[in-house]
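S.K.: In case it helps, the numbering used here puts the sequence shown at residues 12 to 127. Heads up, the beta-carbon is just placed ideally off N, CA and C, and yes, glycines get one too. Next up is a structure, given as structure tokens.
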Amino acid sequence: MMVKNATNKMMQEIPKANVVVTNPTHYAVALKFDEEHPVPVVVAKGTDYLAIRIKGIAREHDIEIIENKTLARELYRDVKLNATIPEELFEAVAIVFAQVAKLEQERQKQKIIKPL
């Protein structure tokens, strides 16, 4: 029962994430980065069925899903839930957030270009 409650609580945090890093099928790790968190935080993580659920919730909330096999595995293995990412992963995570920013810029351009 406690595990189910913890899982449900974790799933409620996914809509607050900025990105989900995947490997692409077996691992999913949701990261949050904002003014409250100067370093990205792991807000959800899971393997197999849980990874599928995390990605599904991310899609429902238009959260970017970025495939990075090595990073997804390292985040899952090395970072506890609700913990900040370690310094040795800063560069890899920064690259992911740069990808997210680029995708969001492209999406904004498409909105501007589309006729009414």
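(1) With a cut-off of 8 Å on the beta carbons, I'd call VAL31 and ILE76 a contact; round off their distance for me.
(2) Considering just the uninterrupted stretch of the alpha helix (DSSP H) at THR81, what are its terminal residues?
(3) Spatial neighbours of LYS43 within its chain, please: C-beta separation below 7 Å, excluding the five flanking residues on both sides.
(4) Going along the chain, which residues of its own chain have a beta-carbon closer than 7 Å to the beta-carbon of ARG84, five neighbours each way excluded?
(5) What separation, rounded to the nearest whole angstrom, lies between the Cα atoms of ASN79 and GLU71?
(6) Considering only the alpha carbon of each residue, which of VAL107, GLY57 and PHE101 lies closest to LEU92?
M.R.: Taking the structure as given:
(1) At roughly 5 Å, the Cβ-Cβ gap stays under 8 Å, so VAL31 and ILE76 are in contact.
(2) Taken as a continuous stretch (DSSP letters only), the alpha helix (DSSP H) holding THR81 covers 80-89.
(3) Here LYS43 has LYS27, ALA28, ASN29, PRO51, VAL52 and VAL54 as same chain residues with Cβ atoms under 7 Å from its own Cβ, once five neighbours each way along the sequence are excluded.
(4) Only ASN34 and TYR38 meet the Cβ criterion.
(5) Answer to the nearest angstrom: the Cα atoms are 21 Å apart.
(6) Closest in alpha carbon position to LEU92, among VAL107, GLY57 and PHE101, is GLY57.
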